[in-house]
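Chains as they are written, first to last, in this note's numbering: chain H, 24 to 249; chain W, 24 to 249.
Glycine is no exception: its CB is placed at the ideal position from the N, C-alpha and C atoms.
Just so it is clear, the structure is predicted and the values come from calculations on it, not from any experiment.
Below is one structure, written out as structure tokens; the observations come after it.
2 protein chains.
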Amino acid sequence: MKTSSCASCLLKSKAVVNLAEQELTVLGKSCVEAVFEKGDTIFKQDALSSNIIYLQTGLVKLLVKGPQRTQILRLKKAPCYLGIPTTMGDKINHYSAVAIEKTTACFVDINTFKELIRINPDFSYEIIVELCRNELEQFNRCVKLVQNQVFGRLATHLLDLSDNIYQSNQFDLPLNRSEIADLVCSSRETVSRLLSDLAKESIIDINGKHLKIIDKSRLEKISEKG
Amino acid sequence: MKTSSCASCLLKSKAVVNLAEQELTVLGKSCVEAVFEKGDTIFKQDALSSNIIYLQTGLVKLLVKGPQRTQILRLKKAPCYLGIPTTMGDKINHYSAVAIEKTTACFVDINTFKELIRINPDFSYEIIVELCRNELEQFNRCVKLVQNQVFGRLATHLLDLSDNIYQSNQFDLPLNRSEIADLVCSSRETVSRLLSDLAKESIIDINGKHLKIIDKSRLEKISEKG
DNA sequence: ATAAAAGTGTGATATAAATCACATTATTCT
DNA sequence: AGAATAATGTGATTTATATCACACTTTTAT
Chain H
24 MKTSSCASCL
34 LKSKAVVNLA
44 EQELTVLGKS
54 CVEAVFEKGD
64 TIFKQDALSS
74 NIIYLQTGLV
84 KLLVKGPQRT
94 QILRLKKAPC
104 YLGIPTTMGD
114 KINHYSAVAI
124 EKTTACFVDI
134 NTFKELIRIN
144 PDFSYEIIVE
154 LCRNELEQFN
164 RCVKLVQNQV
174 FGRLATHLLD
184 LSDNIYQSNQ
194 FDLPLNRSEI
204 ADLVCSSRET
214 VSRLLSDLAK
224 ESIIDINGKH
234 LKIIDKSRLE
244 KISEKG
Chain W
24 MKTSSCASCL
34 LKSKAVVNLA
44 EQELTVLGKS
54 CVEAVFEKGD
64 TIFKQDALSS
74 NIIYLQTGLV
84 KLLVKGPQRT
94 QILRLKKAPC
104 YLGIPTTMGD
114 KINHYSAVAI
124 EKTTACFVDI
134 NTFKELIRIN
144 PDFSYEIIVE
154 LCRNELEQFN
164 RCVKLVQNQV
174 FGRLATHLLD
184 LSDNIYQSNQ
194 FDLPLNRSEI
204 ADLVCSSRET
214 VSRLLSDLAK
224 ESIIDINGKH
234 LKIIDKSRLE
244 KISEKG
């Protein structure tokens with residue numbers, strides 16, 4: 024870990040690009056950069072948090088360990104902020120963040136973050152925009168969970184990986200079958216079966232972790248209807 | 024509907040109390056107040072929105088009509104804002120808001136709202152705090168949906184009505200059985216059965232819409248475990 | 001290289017809760 | 001007031017999907 028020179032950072036957030044030189048100095052003084060390898064925990068459920076986290080590069084999973092099952096709430100791809108609601112709120116992490124690819128992240132002290140909100144309206148504005156986008160995304164997830172059954176949810180997440188995370192119709196799944204189950208709120212066995220079904224129908228081609236989407240339009244139909 | 028004098032309003036939001044006199048005048052010029060009776064729609068899913076809505080008094084339900092079922096996303100009690108993420112985002116309402124009690128609301132033009140964010144950091148700060156609280160609440164709802172089965176979710180919502188909405192251990196349900204089903208993501212019949220079961224166990228006393236919580240600690244246990 | 005551990009696929013069974021069906025009770029309307 | 005309509009309760013049946021059980025495969029460790 025090292026204190027960063029935010030002014031010279033090439034991976035500024037949409038909010039941070041609005042900061043003046045002097046404000047960047049303020050930020051730099053309480054901003055610490057860290058690198059996480061695949062599998063590393065960035066922060067842990069139930070731990071106290073007094074930092075906002077900005078993901079510069081990489082991919083993480085947000086997960087909740089509940090009494091019944093573990094849920095992967097969502098995958099978050101850099102660039103984005105993590106932990107704003109928690110750190111602005113009750114300061115106790117409601118979920119853990121674990122890197123599923125090599126990830127670089129900046130830890131920003133909450134007081135500095137609040138100070139920047141106080142002094143720079145353009146900064147605040149971008150934070151508000153990000154919070155709003157998050158809320159709509161989470162909303163969609165929650166609606167999908169109720170409206171669709173497992174087949175549809177699985178299809179939705181495969182499309183999300185293809186369209187938003189990897190921007191390619193073939194990629195290596197960053198999660199094993201059990202984690203995919205946690206992501207689509209189902210069981211390992213069901214996910215295994217449904218992936219086989221999709222392959223039998225020639226909608227996808229799957230070989231271990233390598234996945235190729237063959238018939239995207241049918242997958243989209245399943246995502247909507249199923 | 025009438026253009027309001029925001030300066031003299033006794034129901035200012037936590038954000039608005041930070042506004043200076045001149046800023047209140049700006050707000051007042053593009054702020055329209057309206058009264059909604061029980062059952063009235065405040066805004067409709069799929070419609071365009073260029074207003075932020077501030078609920079001064081009352082109670083509303085937010086609902087999504089999906090292909091499979093209707094969901095009541097949540098009840099929102101005044102004072103609170105509605106529609107910030109939508110109006111800041113793609114401007115299309117992802118859900119409807121319907122008054123379930125007499126409700127008064129202010130419609131604020133999005134450009135005025137953005138202007139206030141730009142000129143008053145304390146205003147922005149309070150908006151950020153409200154967005155953060157919303158995100159955590161929605162998060163909890165989503166986790167509960169997966170971790171608990173219907174019995175637990177029903178108990179959770181009864182407690183929410185008692186603790187947060189009515190602040191009393193007896194009240195009239197603002198929703199019929201079918202709407203309660205939409206709220207707990209279940210079916211009318213199941214809700215009906217489970218309410219009877221709770222009554223049989225002397226955990227609640229229910230007579231039509233009137234509900235009295237008799238054994239709160241057992242209800243809390245069901246809410247956590249069930 | 002071999003053993004141990006972790007991950008995966010697939011059939012059989014169990015289960016929570018939806019759906020169906022219909023009787024009963026409220027509420028609304030003329 | 002009486003008819004029509006909506007809301008509710010409750011049993012029977014169905015269904016999606018979890019869970020169990022176990023074989024097979026891949027990865028990791030010694």
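Burial state of residue i, where buried means 16 or more other Cβ atoms lie within 10 Å
i, result
"Lys-114 of chain W", "exposed"
"Gln-161 of chain W", "buried"
"Ser-185 of chain W", "buried"
"Leu-33 of chain W", "exposed"
"Met-24 of chain H", "Bear in mind that a pLDDT of 49 at Met-24 of chain H, under 50, signals an unreliable position, so the number given afterwards is only what the model happens to contain. Result: exposed."
"Lys-61 of chain W", "exposed"
"Asp-205 of chain W", "buried"
"Asn-163 of chain W", "exposed"
"Pro-108 of chain W", "buried"
"Thr-179 of chain H", "buried"
"Gly-175 of chain W", "buried"
"Leu-71 of chain H", "exposed"
"Asn-230 of chain H", "exposed"
"His-117 of chain H", "buried"
"Ala-43 of chain W", "exposed"
"Lys-84 of chain W", "buried"
"Gln-79 of chain W", "buried"
"Lys-52 of chain W", "exposed"
DSSP bridge partner residues for residue i (one or two, in chain order)
i, result
"Ala-57 of chain W", "W:Ala-128"
"Ile-95 of chain H", "H:Leu-86"
"Cys-103 of chain H", "H:Leu-78"
"Asp-145 of chain W", "Beta-bridge pairing links Asp-145 of chain W to no other residue."
Min CB distance residue i to chain W below 8 Å
i, result
"Glu-212 of chain H", "no"
"Glu-149 of chain H", "no"
"Val-83 of chain H", "no"
"Val-173 of chain H", "no"
"Arg-176 of chain H", "no"
"His-117 of chain H", "yes"
"Ile-76 of chain H", "no"
"Val-39 of chain H", "no"
"Phe-66 of chain H", "no"
"Arg-216 of chain H", "no"
"Glu-252 of chain H", "Chain H is shown from 24 up to 249; residue 252 of chain H falls before or after that span and cannot be answered."
"Val-121 of chain H", "no"
"Val-166 of chain H", "yes"
Residue i - containing beta strand (DSSP E), residue span
i, result
"Ser-119 of chain W", "119–122"
"Lys-223 of chain W", "Careful: Lys-223 of chain W lies outside any beta strand (DSSP E), inside the alpha helix (DSSP H) at 211–223."
"Arg-200 of chain H", "It is not in any beta strand (DSSP E) - Arg-200 of chain H instead sits in the alpha helix (DSSP H) that spans 200–207."
"Ile-75 of chain W", "74–80"
"Ile-115 of chain W", "No beta strand (DSSP E) holds Ile-115 of chain W; DSSP gives it neither H nor E."
Cβ of residue i within 8 Å of any chain H Cβ
i, result
"Tyr-104 of chain W", "no"
"Val-152 of chain W", "yes"
"Glu-202 of chain W", "no"
"Val-87 of chain W", "yes"
"Val-169 of chain W", "yes"
For residue i, the first and last residue of its enclosing alpha helix (DSSP H)
i, result
"Gln-45 of chain W", "44–52"
"Asn-187 of chain W", "First-last for Asn-187 of chain W: undefined, no H or E at that position."
"Gln-193 of chain H", "Unbroken run through Gln-193 of chain H is the beta strand (DSSP E), 193–195; no alpha helix (DSSP H)."
"Leu-242 of chain H", "239–248"
Proximity test, residue i beta-carbon vs the ligand PLP heavy atom, cut-off 7 Å
i, result
"Asn-187 of chain H", "No copy of the ligand PLP occurs in the structure displayed, which carries no ligand at all."
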